[in-house]
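Visitor: In the working numbering, the protein residues as written are 453 to 781.
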Amino acid sequence: MNFTAEVKKATDPIYQKISKVMPEIEWSIHAPYIHRINQLKKEKNAIVLAHNYQTPEIYHGVSDVAADSLALAIEAAKTKADIIVMAGVHFMAETSKLMSPEKKVLLPDMDAGCSLSSSVTGKDVRLLKEKYPGVPVVSYVNTSADVKAETDICCTSANAVKIVESLGVKKVIFLPDDYLAKYVASQTHVEIIAWKGICMVHDQFNEKEINDIREKNPGIKIIAHPECPPEVIKASDFAGSTGGMINYVKNNQPQKVMMVTECSMSDNIQVENPNVEFIRPCNLCPHMKKITLPKILDCLENETGEIIMDKKTIEKARIPVERMAAIGR
Ligand code: 13P
Ligand code: SF4
Numbered sequence: 453m454n455f456t457a458e459v460k461k462a463t464d465p466i467y468q469k470i471s472k473v474m475p476e477i478e479w480s481i482h483a484p485y486i487h488r489i490n491q492l493k494k495e496k497n498a499i500v501l502a503h504n505y506q507t508p509e510i511y512h513g514v515s516d517v518a519a520d521s522l523a524l525a526i527e528a529a530k531t532k533a534d535i536i537v538m539a540g541v542h543f544m545a546e547t548s549k550l551m552s553p554e555k556k557v558l559l560p561d562m563d564a565g566c567s568l569s570s571s572v573t574g575k576d577v578r579l580l581k582e583k584y585p586g587v588p589v590v591s592y593v594n595t596s597a598d599v600k601a602e603t604d605i606c607c608t609s610a611n612a613v614k615i616v617e618s619l620g621v622k623k624v625i626f627l628p629d630d631y632l633a634k635y636v637a638s639q640t641h642v643e644i645i646a647w648k649g650i651c652m653v654h655d656q657f658n659e660k661e662i663n664d665i666r667e668k669n670p671g672i673k674i675i676a677h678p679e680c681p682p683e684v685i686k687a688s689d690f691a692g693s694t695g696g697m698i699n700y701v702k703n704n705q706p707q708k709v710m711m712v713t714e715c716s717m718s719d720n721i722q723v724e725n726p727n728v729e730f731i732r733p734c735n736l737c738p739h740m741k742k743i744t745l746p747k748i749l750d751c752l753e754n755e756t757g758e759i760i761m762d763k764k765t766i767e768k769a770r771i772p773v774e775r776m777a778a779i780g781r
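1. Sorted by chain position, which residues of the same chain lie with C-beta nearer than 6 Å to Cys-715's C-beta, five sequence neighbours on each side aside?
2. Answer yes or no: do Ile-536 and Ser-548 have a C-beta to C-beta separation smaller than 9 Å?
3. With DSSP as the reference, please indicate the residues paired to His-503 in a beta bridge.
4. Please tell me whether Phe-455 and Ala-483 are closer than 9 Å, where the distance is taken between their beta carbons.
5. Taking only runs of the beta strand (DSSP E) that begin and end inside the region 560-603, which ones reach a length of at least 3 residues, in chain order?
6. Do the region 671-689 and the region 698-715 meet, that is, are 3 or more Cβ pairs less than 8 Å apart?
7. Quick check on the burial criterion: 16 or more other C-beta atoms within 10 angstroms. Buried or exposed for Pro-401?
8. Quick one: grab the DSSP three-state call for Glu-458.
9. Tell me the residue span of the alpha helix (DSSP H) that contains Val-537.
10. Would you list the residues whose beta-carbon is nearer than 5 Å to any heavy atom of the ligand 13P, in the order they occur in the chain?
11. To test your reading of the DSSP string, which unbroken beta strand (DSSP E) runs of 3 or more residues are found completely within the region 701-759?
12. Any chance you could list the residues with Cβ under 7 Å from a heavy atom of the ligand SF4, keeping chain order?
13. Look at the alpha carbon of Asp-655 and the alpha carbon of Arg-781, and state the distance between them as a whole number of angstroms.
14. For the beta strand (DSSP E) containing Phe-657, name the first residue and the last one.
15. Leaving out five residues on either side along the sequence, give the residues of the same chain with a beta carbon under 6 Å from the beta carbon of Lys-768.
16. Helix, strand or coil: which one does DSSP assign to Thr-623?
17. Out of Ala-564, Ala-545 and Asn-669, which one is the CA nearest neighbour of Lys-555?
18. For Lys-794, is the classification buried or exposed, using 16 other Cβ atoms within 10 angstroms of its Cβ as the cut-off for buried?
19. Use the C-beta contact count for Asp-598: other C-beta atoms within 10 angstroms, 16 or more gives buried, fewer gives exposed.
20. Expressed to the nearest angstrom, what Euclidean distance is found between the alpha-carbon atoms of Thr-595 and Leu-568?
21. How far does the beta strand (DSSP E) with Lys-673 in it extend, from its first residue to its last?
22. Exposed or buried, Gly-757, counting other C-beta atoms within 10 Å across all chains shown (16 or more means buried)?
23. If you run the structure through DSSP and keep just helix, strand and coil, what is Gly-780?
24. Excluding sequence positions up to five away, which residues of its chain have a Cβ less than 6 Å from the Cβ of Leu-619?
25. Out of curiosity, what's the CA-to-CA distance linking Trp-479 and Tyr-467?
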């Protein structure tokens, strides 16, 4: 793939937007892929849905929608495109398929998983339901379709408290994120029976790191994803979904901010928040980072990496996702 004059001209408006976070030499490698992917999207009536943890060349270069997992699920239901390419992880692609079963949903790397999603199976949920008969199951959207098929209602970190309270019950089974469960429990009177899954990225942050950063950067705002350990959330100024964290920065324009989450978030939003200084101890999600421009191009060109699910699973697993979408943020 060459950085020709035609590619340069077609992609220059995108580069002008992100030139502050990307050196020209790096852009010359990405631009030919970005150009071809954007051409193919038009030819095939395809869209790229990108999670906020994708790298800047994907987030700014080829995504039609870049958002948190709740907004991506809602967008998948609304789109008029024939093909959805999920620049994210496997559970996000499955969720898109559940929301739009008639569409072709492609994932550029089938190994892009999630430590939370792989921590619980449909069988585990069936056993939990036997142990706690009549207690509704609230599953984080970071779960497989098999788990969703055993679930009463899904949630994301953007609406977990609202979803739990919407059920009007005294007790719920909440899975698989133990830390998110603890965060929800701190915000509601509903009793939470939690599964012991963790996010391998957010689990790496600790309270000492947060306190050290605050000491070295007086006045800094520290904002955390609710998948972080409880003591990290306690030491932070705000907790919210990736979309919630982005809105916090946009609306408050802090002089200095630390986003206690995946590394690409700060790079992606620096572009729209040039006056905010991002302090960046962060952790990479190895699953999110499996998605690259060459893989997006390959899967769109050859229509590989299709999400295939049997009709029965789709019918069962889409119900909790639709219930969640109806309640919203
Ligand atoms: P959001 O729902 O906040 O976008 O988070 C998804 C995720 O995988 C966070 O690790
Ligand atoms: Fe899963 Fe954590 Fe990666 Fe999000 S950051 S996809 S929860 S492993």
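Glycine included, each C-beta is placed from N, C-alpha and C at the ideal position. Computed from a prediction, not measured in an experiment: that's the story for all the values here.
Guide: With the given structure in hand:
1. Closer than 6 Å at Cβ, skipping near neighbours: Cys-734 and Leu-736.
2. Cβ atoms of Ile-536 and Ser-548: closer than 9 Å.
3. Partner(s): Ala-519.
4. Against a cut-off of 9 Å, the Cβ pair of Ala-483 and Phe-455 comes out as a contact.
5. The beta strand (DSSP E) runs of length 3 or more contained entirely in the region 560-603 are, from start to end of the chain, 589-592.
6. The region 671-689 vs the region 698-715: in contact.
7. The structure shown does not extend to residue 401, since the chain spans only 453 to 781, so no value can be given for it.
8. In the structure shown, Glu-458 sits in a helix (DSSP, three-state: H, G or I).
9. Not the alpha helix (DSSP H): Val-537 falls in the beta strand (DSSP E), residues 535-539.
10. Taking each Cβ in turn, the ones that pass are Asp-520, Ser-521, Thr-608, Ser-609, Ser-693 and Thr-694.
11. Within the region 701-759, the complete beta strand (DSSP E) runs of at least 3 residues are 708-712.
12. Here the residues close to the ligand SF4, judged by CB distance below 7 Å to any of its heavy atoms, are Tyr-505, Val-541, Cys-566, Ser-567, Leu-568, Ser-569, Asn-594, Cys-651, Met-652, Val-653, His-654, Glu-679, Glu-714, Cys-737, His-739 and Met-740 in chain order.
13. Going from the Cα of Asp-655 to the Cα of Arg-781 covers about 25 Å.
14. Where Phe-657 is concerned, there is no enclosing beta strand (DSSP E), given that its DSSP letter is neither H nor E.
15. In chain order, Ala-601 place their CB closer than 6 Å to the CB of Lys-768, counting only its own chain and leaving out the 5 sequence neighbours on each side.
16. The sequence shown places Lys at residue 623, not Thr. In the structure shown, Lys-623 sits in a strand (DSSP, three-state: E or B).
17. Closest option to Lys-555, Cα to Cα, is Ala-545.
18. Since the first residue of the chain shown is 453 and the last is 781, residue 794 is not available in this structure.
19. Asp-598 comes out buried.
20. One C-alpha to the other measures close to 7 Å.
21. Lys-673 -> beta strand (DSSP E) spans 673-676.
22. Burial call: buried.
23. Coil.
24. Result list for Leu-619: Pro-588, in chain order.
25. Computed Cα separation, rounded: 7 Å.
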